[in-house]
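Numbering (this note's numbering), first residue to last: 37 to 329.
Even glycine gets a Cβ: it sits at the ideal position worked out from N, Cα and C.
As the structure is a computational prediction, the values presented were derived from the model and not from experiment.
See structure below.
So, in structure tokens, the structure goes:
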């Protein structure tokens with residue numbers, strides 16, 4: 037079984053409910069980007085335990101493709117026109133219960149930074165991009181993220197853009213979640229900068245370290261808004277960035293998307309089995325980070 041790497045993300049929806057999103061996946065339009073067309077094929081809508089899942093393949097193809105074929109009469113290789121020639125295909129599974137998505141990285145075809153953009157474009161095209169948004173945001177690996185942060189001597193900037201979570205939220209950033217609800221906001225951007233000695237006062241490393249040690253960790257006070265926004269982005273509800281100074285005085289930028297969680301699995305998966313694998317991954321994230329409905 038040839039294995040590929042699947043990346044984990046959250047599907048963040050604005051003015052778009054689960055039913056309409058699933059409908060758009062099952063009856064997706066075709067969009068054109070450059071010389072290739074994109075659509076979703078081989079859709080399976082089924083159950084895994086009590087939860088539903090939607091499996092599909094994001095397909096990249098050439099409407100007027102060309103390929104080498106064998107001319108048996110001349111026993112030579114010749115060019116031939118091949119309509120709708122498949123260039124690359126990325127299997128994915130969407131889990132509505134946690135707005136989670138796992139998708140296959142395809143080398144030189146549909147990389148982990150390309151899939152979210154094309155998936156977004158296909159889904160939004162199903163509604164003529166009219167007052168709706170559908171983004172795939174990465175779920176960060178806390179341990180990998182904090183390992184990189186610990187190499188910095190101090191932080192000079194924390195920034196994040198976050199979106200209302202649905203249906204799960206993280207207990208550590210519940211105060212920010214409540215704020216977003218009270219403001220009826222569809223997007224919140226937070227940015228802190230410091231040019232002072234020792235930089236910003238942030239507890240982001242401590243918060244992540246403690247909840248990795250014990251999921252029922254309760255901080256002595258609610259996390260500061262910028263720390264909460266970074267946590268929220270790391271859980272897949274936005275994108276965050278930390279800028280800091282390391283030894284030698286070099287400025288380093290660390291993004292939550294740089295440490296996206298992933299797992300290895302078959303490049304040609306059975307839909308149900310991929311759904312089970314992905315669900316186990318998201319269930320573990322929810323348990324480890326004490327995420328709640």
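- Task: Report yes or no: do the stretch 135-152 and the stretch 42-53 share at least 3 C-beta pairs separated by less than 8 angstroms?
- Result: yes
Are the beta-carbon atoms belonging to residue 174 and residue 92 less than 8 angstroms from one another? The residue you call residue 174 lines up with position 138 of the chain shown. The residue you call residue 92 lines up with position 56 of the chain shown. Contact: no.
Between the Cα of residue 289 and those of 81, 239, 190 and 300, spot the shortest distance and give me the residue it belongs to.
-> One-based indexing of the chain shown puts residue 289 at position 253. Comparing Cα-Cα distances from residue 289 to each of 81, 239, 190 and 300, the minimum goes to 190.
| query | Which residue or residues does DSSP assign as beta-bridge partners of residue 41? | reply | Numbered from 1 along the chain shown, position 5 holds the residue referred to as residue 41. DSSP output for residue 41 lists 300 as bridge partner(s).
| How many angstroms separate the CA atom of residue 96 from the CA atom of residue 124? | The sequence position of residue 96 within the chain shown is 60, counting from 1. The sequence position of residue 124 within the chain shown is 88, counting from 1. One C-alpha to the other measures close to 5 angstroms.
| Quick one: what's got a C-beta closer than 7 angstroms to residue 162's C-beta in the same chain, skipping five residues either side? | Numbered from 1 along the chain shown, position 126 holds the residue referred to as residue 162. Hits under 7 angstroms: 60, 64 and 65.
Near residue 270, what residues of its chain come up, given a Cβ to Cβ distance below 8 angstroms and the 5 sequence neighbours on each side ignored?
-> Within the chain shown, numbered from 1, the residue matching residue 270 stands at position 234. The answer, listed in chain order, is 175, 176, 178, 181, 244, 276 and 292.
Does the count of Cβ pairs from the stretch 254-264 and the stretch 207-214 closer than 8 angstroms reach three? yes
- Where do the N-terminal and C-terminal ends of the alpha helix (DSSP H) with residue 235 fall, by residue? The sequence position of residue 235 within the chain shown is 199, counting from 1. First-last for residue 235: undefined, no H or E at that position.
Kindly confirm or deny that the stretch 69-89 and the stretch 119-134 touch, where touching means at least three C-beta pairs closer than 8 angstroms.
-> yes
**Message:** Taking 8 angstroms as the threshold (C-beta atoms), are residue 230 and residue 199 in contact?
**Reply:** Counted from its first residue, the chain shown places residue 199 at position 163. Counted from its first residue, the chain shown places residue 230 at position 194. No, Cβ-Cβ distance for residue 199 and residue 230 is not below 8 angstroms.
**Prompt:** Grouping DSSP H, G and I as helix and E and B as strand, with all else coil, what is residue 320?
**Reply:** In the chain shown, the residue the question calls residue 320 occupies position 284. Three-state DSSP puts residue 320 in a helix.
**Cutoff 7 angstroms; reference residue 323; Cβ partners in own chain excluding five residues on either side** = For the purposes of this step, residue 323 is taken as the residue at position 287 of the chain shown. Cβ neighbours of residue 323 beyond the five flanking positions: 251.
Span of the alpha helix (DSSP H), counted from its first residue to its last, around residue 211: The residue labelled residue 211 in the question sits at position 175 within the chain shown. Start and end: 210-219.
Margin query: Is the separation between the beta-carbon of residue 268 and that of residue 212 shorter than 8 angstroms?
Written below: Walking along the chain shown from the start, residue 268 turns up at place 232. Walking along the chain shown from the start, residue 212 turns up at place 176. Yes, they are a contact pair.
Could you check where the alpha helix (DSSP H) with residue 183 kicks off and where it finishes? To locate residue 183, count along the chain shown from 1; it is residue 147. First-last of the alpha helix (DSSP H) with residue 183: 178-185.
message = What does the Cβ neighbour count give for residue 103, buried or exposed, with the cut at 16 atoms within 10 Å?
response = Within the chain shown, the letter at position 67 stands for residue 103. With fewer than 16 other Cβ atoms within 10 Å, it is exposed.
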